[in-house]
Structure formats: structure tokens, C-alpha cells
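Q:
Chains as they are written, first to last, in the numbering used here: chain E, 2 to 359; chain B, 2 to 359.
(1) To the nearest angstrom, how far is it from the Cα of residue 240(B) to the Cα of residue 327(B)?
(2) Quick check on this structure: which residue in 200(E), 47(E), 99(E), 28(E) has the alpha carbon closest to the alpha carbon of residue 133(B)?
(3) Under 6 Å Cβ to Cβ from residue 101(B), same chain only, skipping five residues before and after it: list those, please.
(4) Cα-Cα, which of 276(E), 356(E), 282(E), 254(E) is closest to residue 347(E)?
(5) With residue 51(B) and residue 65(B) assumed to form a contact (beta carbons below 8 Å), what rounded beta-carbon distance in angstroms separates them?
(6) Alpha carbon to alpha carbon, how far is residue 320(E) from residue 271(E)?
(7) Since residue 255(B) meets chain E, which of its residues come closer than 8 Å, beta carbon to beta carbon?
(8) On a Cα-Cα basis, can you pick out the residue from 292(B), 192(B), 190(B), 343(B) that is closest to residue 200(B)?
(9) Cutting at 8 Å between CB atoms, please list the residues of its own chain near residue 93(B), excluding the five before and the five after it.
(10) By the three-class DSSP mapping on this structure, what secondary structure does residue 34(E) have?
(11) Could you tell me the distance, in whole angstroms, from the CA atom of residue 359(B) to the CA atom of residue 80(B)?
(12) Report yes if the CB atom of residue 170(B) is closer than 7 Å to the CB atom of residue 109(B), and no otherwise.
(13) Can you pull out the residues from the region 44–70 of chain B whose beta carbon lies closer than 7 Å to at least one beta carbon of chain E?
(14) In terms of residue numbering, what span does the alpha helix (DSSP H) encompassing residue 198(E) cover?
(15) Pull up the distance between the alpha-carbon of residue 196(B) and that of residue 286(B), whole angstroms please.
(16) For residue 58(B), which residues from the same chain have a beta carbon less than 7 Å from its beta carbon, with the 5 sequence-adjacent residues on both sides left out?
(17) Assuming contact is defined by CB atoms lying nearer than 7 Å, are residue 337(E) and residue 265(E) in contact in what I supplied?
(18) Give every residue of the same chain whose Cβ lies closer than 8 Å to the Cβ of residue 280(E), excluding the five residues on either side of it in the sequence, and list them in chain order.
(19) Run through chain A and tell me which residues come within less than 7 Å of residue 145(B), C-beta to C-beta.
(20) According to the neighbour-count rule (16 or more other Cβ atoms, all chains shown, within 10 Å of its Cβ), is residue 175(E) buried or exposed?
(21) With a threshold of 8 Å on Cβ separation, who are the neighbours of residue 210(B) within its own chain once the five nearest residues in sequence on each side are excluded?
(22) Just confirm the distance between the C-beta atoms of residue 56(E) and residue 147(B), as a whole number of angstroms; I'd bet it's less than 8 Å.
(23) Return no unless some Cβ of chain E is closer than 7 Å to the Cβ of residue 106(B).
(24) Looking at the C-beta of residue 37(B), does it have a partner C-beta in chain E at a distance below 7 Å?
(25) Please identify the residue among 278(E), 34(E), 303(E) whose C-alpha is closest to the C-alpha of residue 154(B).
(26) Show which residues of chain E have a CB atom less than 7 Å away from the CB atom of residue 27(B).
(27) Using CA atoms only, rank isn't needed, just tell me which of 183(E), 97(E), 159(E), 165(E) is closest to residue 141(E).
(28) Should residue 333(B) go down as buried or exposed, given a rule of 16 or more other Cβ atoms within 10 Å for buried?
(29) Between residue 172(B) and residue 70(B), what straight-line distance do the alpha-carbon atoms span, to the nearest angstrom?
(30) Going by beta carbon distance, what residues of the same chain come within less than 6 Å of residue 252(B), once the five residues before and after it are set aside?
(31) Here's the rule: buried if 16 or more other CB atoms are within 10 angstroms of the residue's CB, otherwise exposed. What is residue 226(E)?
(32) Quick one: using the 10 Å Cβ neighbour count with 16 as the cut-off for buried, is residue 168(B) buried or exposed?
(33) Could you give the distance in angstroms between the alpha-carbon of residue 244(E) and the alpha-carbon of residue 151(E)?
(34) Beta carbon of residue 63(E): closer than 6 Å to some heavy atom of the ligand ADP?
(35) Is residue 133(E) close to chain B? Criterion is C-beta to C-beta, closer than 7 Å.
(36) How would you list, in chain order, the residues of chain E whose beta-carbon sits under 7 Å from the beta-carbon of residue 136(B)?
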């Protein structure tokens, strides 16, 4: 994801203030966390350097065209630690993650590439488990892995296995949901509970055990999205999957890109009890924790209930809710109404504390 | 590159003999070397598991289609060590490498993705040097980097910087050169000296100094290829860039895929004196050493001189030669006629000794 928060006042530097990236001389873990530091790095190092209009649009996928046919093109590298976790593994995540990035444009994902960087000494049995998982995930999502690459690095110069997947989806609908289409009054929908993935990974990695079942929500969302688009069409103004940085990051990105205020309500946020308990114990706000099977949809108000109904009718959307709405204030930002009725700012974190969750 | 040597008798296992992959329980450096072990790993782990016709064709790129428009789609991860070397760096290599893989189908490369896996603590100044180099290389090759991703891994869990690029090229010519089109009598052309890249990387990494200038040949070959295709069209039956595993691996792949014998002549092989000296010192055969700016073209005999002339007229092909030809023997293999007139088999190595050269 290449995102930029420059319209968000909470993320601007004062005049004469050096940019955050240049405050560091080396890359920090937080540069990969989905927060402000990552966005600054991406803007300064990549978007400005590789300058072109497609990249500058900063959606999760580029829309490319040739001979009147449009494709959505996206890439994602997966470095999750541990490789295997309740609810999935790096292989399934790598397929679903790129399927989802492509799907967020309303495209129909069709083709994936797979690039493997393997650490010398990695067990072939585990590699096979991962590739079988990728194959199963691809079949479920209706995509084909059509090209690939394998590199091996010396022991101690990698960490078991990293996977890059790039994806292509055919754009068959005339309207492409994008953050710039968000309008005051639009409703904010999500297809279920938040923070499941990030908390599951963290618990596994730290060897923590919490009461209640907990597992990653990794899933390919293309069929759910297709269902909603079939129901309400171009009333879906924007879609994005709240992965690194969680729901908070995605809403801040929407706010900045569309130049709008977004308001959500805490008591609408679906959080599993086990996840809520773990978040409380760890001092984490579930709004900032990664999801891997969730989509936030911004839908025209008059079609929001129909969209919600379509989402709830799909197996991946049984617990869908309307989280909030887009305000008509003349400034940007994300506000949360707490359970006791107070409003607080949901800012973008500078760098979240959960590296390598995807 | 996903390649398979199963038609090559020199690469088959005897009956009852376990496959090489299963002789190991863990991934070895040689599994990434471009030799037989890599091909076995790719076949057993990826091609069989992700089974689909596009992957099974085992070209360097997949040809995908939507609405009558065809694209070449390719991916490559770059883990070269060191990151900076005479003649280029990892960024330039990552752009040129994928541009070349796409170009080998005769497609016009247009769009790249870029996925960065950065080790915590990597100098931002070096990252900037790499991204500027990518940007320059993309501009020279006429491609746009349109989508990207950034991950950071903990210090000691990566090695400074790995880059994945995936590429898309528009297929605008009706004929797609592929190994299966190779015919007896075809000529084997190459656009200049061999082994420059691999020997340069190895020398840098080992701190060796040899007499004479030596530098990587990294270059985007799309313009050279376009020039040749404009000159001789579908007389170019097959093209491939001899990267990992060198000219020997590519010719063995061609031999196996087309079911033909290929004969080349040692005294036609262009090798820079400094590179030849380094190879002799290190006990390496330049035929097995990686190139990053070379293409092997298999051209119909009656158009070979015209193709050679077109190649030589391009700045990247001044030292082009006809290396050899495709025989009409009823079996596969690659044979080299030595300077003293003897013939020797040019086999595929099990695993070459130069890890992380790209």
C-alpha cells in the first residue's frame, strides 16, 4: 500500500521542520508498520522518486490500460513471523492479501505471481506446506499462480521464508471505487470483527495465551465484494482493506484523500471478547491492529442498508455493521464517539508496535 | 524463471532413484543457483502444486489474456550481495531484470511493481541511492513503476535490502518467440561478451582484484530486441536471457524444451580478457556464469545474418556473434566444440557455486 496523508493536518510537519524520514539515518522497524513513518518513507523515497500519475494516486493497486482493457495491478511482500498461526499461514496470507488489494478496485482478480526468498536451511516439508496452502487459497479465490521466482539466501541473512505476490485483476465494471469519490453523508461499513489477525500473530509470537478462541481472519474478499457490487453497484464509493495500521489507518487515509471528516462510534465496533481482552491486557487499541479478511466500504447513504444486507448475506460478512459516516465539516480527521458519549480523535500512529504481522 | 529439464537425459534420475529435492530435508544455497537442484525444487514444489497450463509452459513470463488483449507477466526477486557493484546496483538490476524477462516474449514492457523488504538499520541514504537508480533505469527502459510495497524486518532477519519487481508488457506482435518453436538448423546468437555480471559480483564480494576493467553488463534489452524483431520478425524462434546458470543453463533449457541438440563453438564465445583471467583463476567456466544484459536468440538460418547485423547496429549488441546452431540429431543435449576441435558435453550443473548474484 502506498498512501499519503498530506491533507491530514494531524500529520503535517510545521514549517521549517525536517521531514520524519530524515530524522533517522537508518530504516526503523516502525518504517514498515503502516503508520505515519511508513507513509513518509513511501512518499519521500518511492513516490517522489518514481514519480508517475498511477503511483501518485496512492490506491492499493494501479489501474493500467492497454487497448481499451483495464487491469488492476498490485504487489505485496509477506514477512509474517511466525509462518504458521491459528487461522492460516504465510502462504494463504500471500494469496489472500494480493487478491484483496486487487479486489478493492472492484476488479476481478485472475492472475498472481509468486516470488520466494528462502533462507538456507529452511525445511522443505514446511515449504511444501506453504505452497499447498497457497494453491488451496488460490483455488478458493478463483485465481491462478502463473509465474514465479525462487531465491535462496545464506543462513542468517533472511528469516525462513518471505513471499512476494503480485496480482492482476480484470476491471469489468465501469465505475472504480476510489477514495476521491467519498462524499459527505456516506456511510462506513465493515464486514465483521476487527483486530483478529494482528492479535493472533502477536499472541503466537510472544507465547501468550488468552481466554477464548482467537484466530486470524485471513480470507479472500473478492466474492464478498462482488456480491455487494452486484447489489448496490456504484453506490460503493471507496473500499480498502484495513491491514497494517488497522481501521484507524484506513479511515485516516480515506479522510486525507477525500478531504473529509469521518466519524465512527465505539459501541458499533465489532471486537471478539477474546481479542478485546488481549488488547486490554497488552495495552493495544483494536482500531490500530491489523486485519486480513476485512474490507471497509464507504457507501452512499441511501444504499447503505442494502449494502449491509448484501454483506450480511455472505459467509464472510455475517457480522457486518455500519461503523459511522462521513461528516460535512470543512476539515479532515477521524473522530470516535466513545461509549460514554465523548468524542476523541483517532489519529494515525507515528509507527505502530506490531512489526511483521503480514 | 521456472524451468524444467525433464526431456534432458543428462538430468534424469534413474528408475527408483529419489528425486534430488527429497534427498535434502532443508533448502540449500544450490536450490537457488539456476542449476538442476533449482529446477527440481521449482518443479516439485511450485509447478506441480500450483498446477496450471501457464505455469507449466515454463517460460520466463506468463502470457495472459483478457478481452483479446495479451500481456506478458513476470516476477523476479533480487537478493544480490553486495548491493552496489561496478556497472550497477540492486535497483538497476531489479528494473532491468524484469524488463528483460518480459521482453523475452517479444512484449513491450510497460509497467512494473516494486516490493521492498528492508532490514532494520539499513541506511536511508543507501535506500535513496537504490530508488534513484531504479527510477533512472525505468526511465531508460521506458517503463513506469506504478505500484509498490514496503516491509521492514528486524535486524539480523534480512540482509540490508531485497527487492521484488513484477512486470507487465503488452504483446503487440502476433508471433511469440518460445522455446517450443526452435527448429533444427536454427542459429544461436548472443549480443556480446559472457560472464561479466557474475564474475564482477563474485570479485567484489570476495575482495578479489583482477587485471583489467570488469563490470556488470546489466542493461534493459527491450530496445535491442525490438530492433531485431523489426528486422527479422518471426524468424526469431526463441529468446531467453542467460542469467543464473549462465549460457549453459539457457541452452540446456532450450534443448530440453524443444527436444533438440544444440552445438556451439568455444572459439566463438566472446569473453573479455579480464573475465577470462578471473574465471581461470577461480576455476569457473564462463559458460555457467550469470549475465544480466545478454539475450540468446534462436533464429531461422536464412535470417541469422540479418538478425546479427541488426543486433550489431544497436549499442547493446556491438559484439554480437553467432555462437552455434541447432542440430538435427534425434536426441537432446548441448555440445561444445573446443578450440582444439574436440566435442564435449555442456551439461546443466547440479547447483552452481555463485549464490546471490542477482
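Positions of the beta carbon are idealized from the N, C-alpha and C atoms, including for glycine. Everything numeric in this text was worked out from a predicted model, so none of it was measured.
A: In terms of the structure at hand:
(1) Cα to Cα, the separation comes out at about 14 Å.
(2) Comparing Cα positions, the closest option is 47(E).
(3) If you ignore the 5 residues before and after residue 101(B), its C-beta comes within less than 6 Å of the C-beta of 222, 242, all in its own chain and listed in chain order.
(4) The shortest Cα separation from residue 347(E) among 276(E), 356(E), 282(E), 254(E) belongs to 254(E).
(5) About 15 Å separates the beta carbons of residue 51(B) and residue 65(B), which is beyond the 8 Å limit, so they are not a contact pair.
(6) Between the alpha carbons of residue 320(E) and residue 271(E) lies a distance of about 8 Å.
(7) Within chain E, no residue comes near residue 255(B); the closest Cβ sits about 19 Å away, beyond 8 Å.
(8) The candidate whose alpha carbon is nearest that of residue 200(B) is 292(B).
(9) Excluding residues within five positions, the ones whose Cβ falls inside 8 Å are 134, 135, 137, 138, 219.
(10) Coil.
(11) Approximately 6 Å, taken between the alpha carbons.
(12) Residue 109(B) sits close to residue 170(B), with the two beta carbons spaced by under 7 Å.
(13) Per Cβ criterion, the list reads 46, 47, 50, 51, 53, 55, 56, 62, 63, 65, 67, 68, 70.
(14) The continuous alpha helix (DSSP H) containing residue 198(E) extends over residues 197–207.
(15) CA-CA distance, residue 196(B) to residue 286(B), rounds to 9 Å.
(16) Nothing meets the Cβ criterion.
(17) Yes, they are a contact pair.
(18) If we look at residue 280(E) and ignore the five residues flanking it on each side, its Cβ neighbours are 196, 200, 272, 286, 287, 290.
(19) The chain inventory of the structure shown lacks chain A, comprising the protein chains E and B.
(20) Exposed is the call here.
(21) Hits under 8 Å: 204.
(22) About 6 Å separates the two Cβ atoms, so the contact holds.
(23) The beta carbon of residue 106(B) does not come within 7 Å of any beta carbon belonging to chain E, so the residue lies off that interface.
(24) Judged by the 7 Å Cβ criterion, residue 37(B) is not in contact with chain E.
(25) Here the closest residue by C-alpha is 34(E).
(26) Neighbourhood of residue 27(B) in chain E, by CB distance below 7 Å: 122, 123, 124, 125, in chain order.
(27) Distance from the Cα of residue 141(E) is smallest, within the candidate group 183(E), 97(E), 159(E), 165(E), for 97(E).
(28) With 16 or more Cβ atoms within 10 Å of its Cβ, residue 333(B) is classed as buried.
(29) Taking the straight line joining both Cα atoms gives about 8 Å.
(30) Excluding sequence neighbours, residue 252(B) sits near 263, 335.
(31) By the C-beta density criterion, residue 226(E) is buried, having at least 16 other C-beta atoms within 10 angstroms.
(32) Around the beta carbon of residue 168(B), 16 or more other beta carbons lie within 10 angstroms, which makes this residue buried.
(33) Computed Cα separation, rounded: 26 Å.
(34) Inclusion of the ligand ADP in the displayed structure is not the case, the ligand content being empty and no account of it being possible.
(35) Answer yes: the Cβ-Cβ gap between residue 133(E) and chain B drops below 7 Å somewhere.
(36) In chain order: 50, 51.
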